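Taken in order, these protein sequences are the chains called A and B.
Take the first sequence: its position 39, counted from the start at 1, is 142 in the numbering used here, and no numbers get skipped.
Take the second sequence: its position 6, counted from the start at 1, is 19 in the numbering used here, and no numbers get skipped.
Let me begin by presenting the structure, written as structure tokens, before commenting on it.
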Amino acid sequence: MDTQNSLTQPELVEKQRRQKDRLKAMIGFMVLIAGVMYGLTFTHL
Amino acid sequence: MSETTAQPAVSARVRFKADRVGTTAKDWVQLLKPRVISLVVFTGAAGMIMAPGHLSLFEAAVAILCICLASGAAGAINMWYDRDIDAVMQRTITRPIPGGRIPEQEALAYGIGLSCFSVCLMWMATNALAAGILAFSIFFYAVIYTMWLKRSTPQNIVIGGAAGAFPPMIGWAAATGHMTVLPVVMFGIVFFWTPPHFWSLSLYACKDYGRAGIPMLPVVKGARHTRWNIFVYTLVLLAISLIPSVMHLSGWLYTATALVLGLGFVACAVRVLREPQDENGVSLAGDKAARISFRFSLAYLFLLFCGLLADHMLQGWIG
């Protein structure tokens, strides 16, 4: 919390941008894996 | 108001510290050594295409994804273990861990997690043999090469090269569920290609390796010894690359490709050998020949496997 408070405005903007990027990448990977698992279930049944 | 509108320009210029603003998605991708992955995926796909088995396009894509993830996972574990030497080498100092952008424990967890996931997924998507070779290749690179050979012997690249040679066997096993001569020969080609490829690089990155205390061949035995080793290994590679032709596993197109490329690689090695050098074998020409040899080696492997695939397709059309 202290770290959050001590962040400068540019740092805060950058932190939020990076959080969004990581979230997007993680969601993309999860969707890929969900697609793979669905496909495997479909083709192996 | 004017301060607020100026923020994006300011943030683009400022170099932020990861412990304050967090890591970027790019850092996590960089931890997977994407340039290594591209070569591994290509040779793995070549093994899969050459195999007589039948995988659906979807299963083949999943198998390639697994090879991708496994290679990246091994790379992440390698970067975690080598974080101390990466921090003193010019070539690796900007990597995510020495650069302070990713905490070391998180990098290790990421590598182990991806390793387990990729092996399980390969097993589910294809078969136990492919998953087993995949698991062994991760173990070989992360433990045998990184943790043991790399810091203990100048032959590190020779034995450790096996780690990068497994993908054609994995691709073949994924498609067929068994092993035969051709994927083993493909393994042999990548195995014997690795030493001259890395030794060419190490000739001009010698100081970096020496500073980090890694016993690469030029550091321990000297540049002249390394130049001779590159030459001998390119001759062995030329012989190994012709095995598919001798055993009638491929046709004239592959034979011609292997001969032309192999002789080209030998010519590069001769140039490395004859480059102007001092009494210790250190280049007096800025290691130009070694740089050319390194770049040629990359093109060599890519084009040789392209030749193998083209020959395979040609034989398929002919009947």
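Every residue gets a Cβ at the ideal spot worked out from N, C-alpha and C, and that includes glycine.
Computed from a predicted structure; not experimentally measured.
Residues are counted here when their Cβ sits less than 9 Å from a Cβ of chain A; for the segment 108-134 of chain B these are F130 and L134, given in chain order.
H325(B) is classed as buried because its beta carbon has at least 16 other beta carbons within 10 Å across all chains shown. Around V34(B), the beta-carbon contacts reaching into chain A at under 7 Å are E114, E117, K118 and R121.
With a cutoff of 9 Å on beta-carbon distance, A155(B) and G124(B) are scored as near each other. Counting every other CB atom within 10 Å of its CB across the protein chains shown gives G320(B) a total of 16 or more, marking it as buried. At a cut-off of 9 Å between beta carbons, L147(B) makes no contact with chain A. Here DSSP, grouped into helix, strand and coil, assigns S263(B) to coil.
Interface with chain B (9 Å Cβ-Cβ cutoff): A128(A) is included. Residue contact with chain B for V139(A): present (Cβ-Cβ distance below 9 Å to some residue of chain B).
In the structure shown, the three-state DSSP call for S306(B) is helix. When secondary structure is reduced to three states using DSSP, Q168(B) falls in the coil class, being assigned neither helix nor strand. Taking a C-beta distance under 9 Å as the contact criterion, I80(B) and L147(B) qualify as a contact pair. No Cβ-Cβ contact shorter than 9 Å links E117(B) with R104(B). Burial check for Q43(B): the Cβ neighbour count within 10 Å reaches 16 or more, so the residue is buried. By the C-beta criterion, the segment 138-146 of chain B is judged to be in contact with the segment 165-183 of chain B, since at least 3 inter-stretch pairs fall below 8 Å. Closer than 9 Å to the CB of S84(B) there is not a single CB belonging to chain A. Proximity of V75(B) to chain A, defined by a Cβ-Cβ separation below 9 Å, is satisfied.
Under the three-state reduction of DSSP, S128(B) is assigned to helix. Residues of chain A with a Cβ closer than 8 Å to the Cβ of S69(B) are, in chain order, T146.
Taking a Cβ-Cβ threshold of 8 Å, the residues of chain A close to T37(B) are R121, D124 and R125, in chain order.
Taking 9 Å as the Cβ-Cβ cut-off, the segment 190-208 of chain B has no residue approaching chain A. Following the DSSP letters along the chain, one finds E292(B) in no alpha helix (DSSP H), marked with neither H nor E.
M137(B) reaches chain A at L143, counting residues in chain order whose Cβ is nearer than 7 Å. In this structure, I243(B) places its C-beta atom within 9 Å of the C-beta atom of L286(B).
Interface with chain A (9 Å Cβ-Cβ cutoff): L44(B) is excluded. For W93(B), the enclosing alpha helix (DSSP H) covers residues L70 to Y94.
Apart from the 5 residues on each side of it in sequence, F153(B) sits with its Cβ closer than 7 Å to the Cβ of A175 and A176 in its chain, given in chain order.
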